[in-house]
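So the sequence lines, in the order shown, correspond to chains A and B. Letter by letter, the first sequence follows residues 0 to 351 in numbering that gives the first Met the number 0. Letter by letter, the second sequence follows residues 0 to 279 in numbering that gives the first Met the number 0. Worksheet: the structure to be examined is printed underneath.
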Amino acid sequence: MSRIREVIVAVWDRKSGRALLILLLALYVCAIAAPFIAPYETSTQELGKAFHPPTSLTFSEGRLAVRIYQQTNKDLNLFEPIEGKIAPIHFFSRGYEYKILGILPWDRHLFTVDEAHRIYLLGSDSTGRDVFSRLLYGSQISLSIGLIGISITLFFGFIVGAVAGFYGGKTDFVIMRLVEILMAIPGLYLLLALRSALAPYFSSTKMYLVIVIILALIGWAGTSRMIRGMALSIRNRPFVQASEAMGQSTTVILFRHILPNLSSYLLVAATLSIPGYILGEAALSFLGLGITEPDASWGLMLSQAQEARILMLNFWWMLTPGVAIFITVMAFNLLGDILRDIVDPKFGINKS
Amino acid sequence: MSNKPLLNVKDLHISFGQVNSISHAVQGISFKIEKGETVAVVGESGSGKSVTAMALTRLLPESAHCKITGCIQLEEQDTLALEADALREIRGGKIAYIFQEPSTSLNPVYTIGFQIKEALDLHRPEVTDQQAEAERLLDAVGIKDPRQTLNDYPHQLSGGMQQRAMIAMALACQPKLLVADEPTTALDVTIQAQIIELLKKLKSEQEMSIMLITHNFGIVTGFADRVIVMFRGNIVESGPTDEVLKNPQHPYTQALIDCIPKLGKKQDRLTTIDYEKITG
Numbered sequence: 000m001s002r003i004r005e006v007i008v009a010v011w012d013r014k015s016g017r018a019l020l021i022l023l024l025a026l027y028v029c030a031i032a033a034p035f036i037a038p039y040e041t042s043t044q045e046l047g048k049a050f051h052p053p054t055s056l057t058f059s060e061g062r063l064a065v066r067i068y069q070q071t072n073k074d075l076n077l078f079e080p081i082e083g084k085i086a087p088i089h090f091f092s093r094g095y096e097y098k099i100l101g102i103l104p105w106d107r108h109l110f111t112v113d114e115a116h117r118i119y120l121l122g123s124d125s126t127g128r129d130v131f132s133r134l135l136y137g138s139q140i141s142l143s144i145g146l147i148g149i150s151i152t153l154f155f156g157f158i159v160g161a162v163a164g165f166y167g168g169k170t171d172f173v174i175m176r177l178v179e180i181l182m183a184i185p186g187l188y189l190l191l192a193l194r195s196a197l198a199p200y201f202s203s204t205k206m207y208l209v210i211v212i213i214l215a216l217i218g219w220a221g222t223s224r225m226i227r228g229m230a231l232s233i234r235n236r237p238f239v240q241a242s243e244a245m246g247q248s249t250t251v252i253l254f255r256h257i258l259p260n261l262s263s264y265l266l267v268a269a270t271l272s273i274p275g276y277i278l279g280e281a282a283l284s285f286l287g288l289g290i291t292e293p294d295a296s297w298g299l300m301l302s303q304a305q306e307a308r309i310l311m312l313n314f315w316w317m318l319t320p321g322v323a324i325f326i327t328v329m330a331f332n333l334l335g336d337i338l339r340d341i342v343d344p345k346f347g348i349n350k351s
Numbered sequence: 000m001s002n003k004p005l006l007n008v009k010d011l012h013i014s015f016g017q018v019n020s021i022s023h024a025v026q027g028i029s030f031k032i033e034k035g036e037t038v039a040v041v042g043e044s045g046s047g048k049s050v051t052a053m054a055l056t057r058l059l060p061e062s063a064h065c066k067i068t069g070c071i072q073l074e075e076q077d078t079l080a081l082e083a084d085a086l087r088e089i090r091g092g093k094i095a096y097i098f099q100e101p102s103t104s105l106n107p108v109y110t111i112g113f114q115i116k117e118a119l120d121l122h123r124p125e126v127t128d129q130q131a132e133a134e135r136l137l138d139a140v141g142i143k144d145p146r147q148t149l150n151d152y153p154h155q156l157s158g159g160m161q162q163r164a165m166i167a168m169a170l171a172c173q174p175k176l177l178v179a180d181e182p183t184t185a186l187d188v189t190i191q192a193q194i195i196e197l198l199k200k201l202k203s204e205q206e207m208s209i210m211l212i213t214h215n216f217g218i219v220t221g222f223a224d225r226v227i228v229m230f231r232g233n234i235v236e237s238g239p240t241d242e243v244l245k246n247p248q249h250p251y252t253q254a255l256i257d258c259i260p261k262l263g264k265k266q267d268r269l270t271t272i273d274y275e276k277i278t279g
């Protein structure tokens, strides 16, 4: 695995690579620490404060505080800050209870305000839920779905692709034709068909897992083709033949001699396909087939932003999940490009 | 002959390709290798020597539509009739290979020590102290600092050292027959001599047979007991090394020997093989 370490060090040595790594790391840290950072739970409602704009922050007596708003137009959900009224922000104060990493119970939060008031860093949605908190909780789903999905994809893709590439001949022919059939089915329709076929058997809490599996089932075909091509070329490298000549079994050759030599390419492929999973989940949730209320995911949050009045009345904060998706997908794609430049210098434009 | 030969190949045919484009790589060859004997198989590229060596343990890829017929008797077993599991026991365990290009024959992602221990795991599970055994093997192939080398990756070694490590891996399995497929082609002349010396020394220590595949008559002299000359998939001549070199019978063998540049003999052009003269 020293090759992977080498590649990561090479990414870190580039300015853009380091920036992207830090950005992605920050996103994942925020996702893991969501309950600590988020001031409210995903389902905490405040019906009187629907479409509350982001609260502005002020300094008062050396402490950070939020301004307090009042509704000026009930029909249009318009709010105005009340002059001179503020609520101080408490750091590391007690709030609702949660579990760190799902194990240790804790109730401290990064920041809260007194219970009589609300802090909406990115405004609130149609039932007064904090968009910032939901964005954080949503990132848990949107970000992890890419990692889990790509793990399943790589697992199947590697086994199928490596077996086809290693054995070649008829095995290869049959497997690759099957893969092509799978690839010929339009992805989105297959996604919808599988989703509706599987829906009756799973409760909404398990739907997260189902979505991952559906996305992976569609995604592995392309990956396996790519791995097959690489396995085909590594298979003919003398050290694989030497290992065969030494009497090593096929399974061990596949996992011990072919897989490690593919690792850096797999890293590139994984990084470049993660955005597909994030977008896939967003698309499913947007169509109402993915994560369901009251849980949060970026796609689901975006689907709420379809309402006409959000555009008419300029409730721009409802579109922040879109920005989050955009940033994450861009970061993965750019990181994938950098990785590919490092692993395969033939594609590289800038050598530095 | 009183005791049976180690390897007895009878009427071996090897062909590649399908119906309309079959190429016959080996066309009915028979030869024997005795216990403790060194046999050199000499011939130009494409004469079928490497393919014969690979066929001994059925290492030829199935995807190449390769057909092997005949009989390969290794001690009491016919390797052409063996199941995959039994075949794996023979690969490495009884017949071990050394290939031409040491730099690519070692897996770049593992240390030398790991790869030698892998060989030990496969064919000598009874060895308890693998570290000590690996060190002993590296010492036996003449590597100066075995302990350090065990932790090195292939790219940290020179070509000669890599080939020594490959030989150590092959020896780790304690094979009866060591097939050296052009073991010195990728190395420079001084290293070639060292490797050949090493193989000679190991052969006498380990009581194994060596099948040396080469196109270079130079390294055959003083190393091989017997020479087999192959040409276009057939054995055209075989016999004790000295005899074949002194008194070649087949025009191809004569031509091959004439191709060796001689010390002290002035030549404007190097000799090449005139195929029309051989095939008539």
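We treat Cβ as the ideally placed atom computed from N, Cα and C, and that holds for glycine.
Proximal chain A residues relative to residue 5 of chain B, where beta-carbon distance stays under 7 Å: Going along chain A, no residue has its Cβ under 7 Å from residue 5 of chain B, so there is no contact; the nearest lies around 18 Å.
Going along chain A in order, which residues have a C-beta closer than 7 Å to the C-beta of residue 60 of chain B? 167
Bridge partners of residue 89 of chain A, per DSSP? DSSP lists A/111 as partners of residue 89 of chain A.
Assumed close pair residue 169 of chain B, residue 54 of chain B - CB separation to whole angstroms, cut-off 8 Å: Not a contact, Cβ separation roughly 18 Å.
If you reduce the DSSP assignment to three classes, tell me which class residue 250 of chain B lands in. helix
Tell me which residues of the segment 60 to 83 of chain A have at least one Cβ-Cβ distance to chain B shorter than 8 Å, keeping chain order. none
I want to verify the contact list: residues of chain B whose CB lies under 9 Å from the CB of residue 260 of chain A, in sequence order. 106, 107, 108
To the nearest angstrom, how far is the alpha carbon of residue 259 of chain A from that of residue 86 of chain B? Roughly 26 Å between the two C-alpha positions.
Residue 91 of chain B: contacting residues in chain D (beta-carbon distance under 7 Å): Looking at the structure shown, chain D is missing, and the protein chains on hand are A and B.
Mind checking whether residue 129 of chain A and residue 38 of chain A have CB atoms under 9 Å apart? yes
Would residue 126 of chain A and residue 46 of chain A qualify as a contact pair, given that the criterion is a beta-carbon distance under 9 Å? Cβ distance < 9 Å, so residue 126 of chain A and residue 46 of chain A count as in contact.
Over the uninterrupted beta strand (DSSP E) stretch that includes residue 157 of chain B, give me the two end residues. No beta strand (DSSP E) holds residue 157 of chain B; DSSP gives it neither H nor E.
9 Å Cβ cutoff met for residue 162 of chain B and residue 101 of chain B: yes
Residue 271 of chain B to residue 138 of chain B span [Cα, whole Å]: 41 Å
Cutting at 7 Å between CB atoms, please list the residues of its own chain near residue 129 of chain B, excluding the five before and the five after it. 116, 119
So residue 87 of chain A packs on residue 115 of chain A, CB below 8 Å; how close in whole Å? Going by Cβ atoms, the distance from residue 87 of chain A to residue 115 of chain A rounds to 12 Å, so no, they are not a contact pair.
Going by the CB atoms, is the gap between residue 238 of chain B and residue 226 of chain B shorter than 9 Å? Contact: yes.
Specify, as a first and last residue, the run of the alpha helix (DSSP H) that residue 109 of chain B falls within. Premise fails: residue 109 of chain B is in no alpha helix (DSSP H) and is neither H nor E.
Can you check whether the C-beta of residue 38 of chain A is within less than 9 Å of a C-beta belonging to chain B? no
Quick one: Cα of residue 325 of chain A to Cα of residue 41 of chain A, how far? 22 Å
Backbone CA spacing between residue 61 of chain A and residue 275 of chain A [nearest angstrom]: 46 Å
Under 8 Å between beta-carbons, which chain A residues line up against residue 100 of chain B? List them in chain order, please. 237
Would you please state the rounded distance, in angstroms, between the beta carbons of residue 298 of chain A and residue 323 of chain A? I believe it to be under 8 Å. Contact flag wrong, Cβ pair sits at about 11 Å.
Would you identify the three-state DSSP class for residue 39 of chain B, choosing helix, strand or coil? strand
Between the Cα of residue 23 of chain A and those of A/265, A/336, A/84, A/329, spot the shortest distance and give me the residue it belongs to. A/329
Reduced DSSP secondary structure (H/G/I, E/B, other) of residue 350 of chain A: For residue 350 of chain A, the predicted structure reports a pLDDT of 43, less than 50, and the residue's modelled location is therefore unreliable. The matter cannot be settled from this model.
Would you call the CB atoms of residue 21 of chain A and residue 266 of chain A closer than 9 Å? no
Looking only at its own chain, which residues have a Cβ that is under 6 Å from the Cβ of residue 70 of chain A, when we skip the five neighbours before and after it? The residues are 78.
Among A/132, A/89, A/200, A/208, which residue has its Cα nearest to the Cα of residue 146 of chain A? A/208
In this structure, does DSSP put residue 98 of chain B in helix, strand or coil? coil
Less than 9 Å between the beta carbons of residue 70 of chain B and residue 79 of chain B, yes or no? yes
Which residues in the same chain as residue 153 of chain A place their Cβ atom closer than 7 Å to its Cβ, once the five residues preceding and following it in sequence are excluded? Cβ neighbours of residue 153 of chain A within its own chain (closer than 7 Å, five residues either side excluded): 222, 265, 269.
So residue 24 of chain B is in the beta strand (DSSP E); what residue range does that whole segment cover? 22 to 32
Let me confirm a value: residue 263 of chain A is counted as buried when at least 16 other C-beta atoms fall within 10 Å, else exposed. Which label applies? The residue is buried, with at least 16 neighbouring Cβ atoms inside 10 Å.
Could you name the residues of chain A that residue 123 of chain B contacts, counting a contact when the two beta carbons are closer than 9 Å? Residues of chain A passing the Cβ test: none, with the nearest at roughly 12 Å.
If we define contact as Cβ-Cβ less than 9 Å, is residue 88 of chain B a contact residue for chain A? yes
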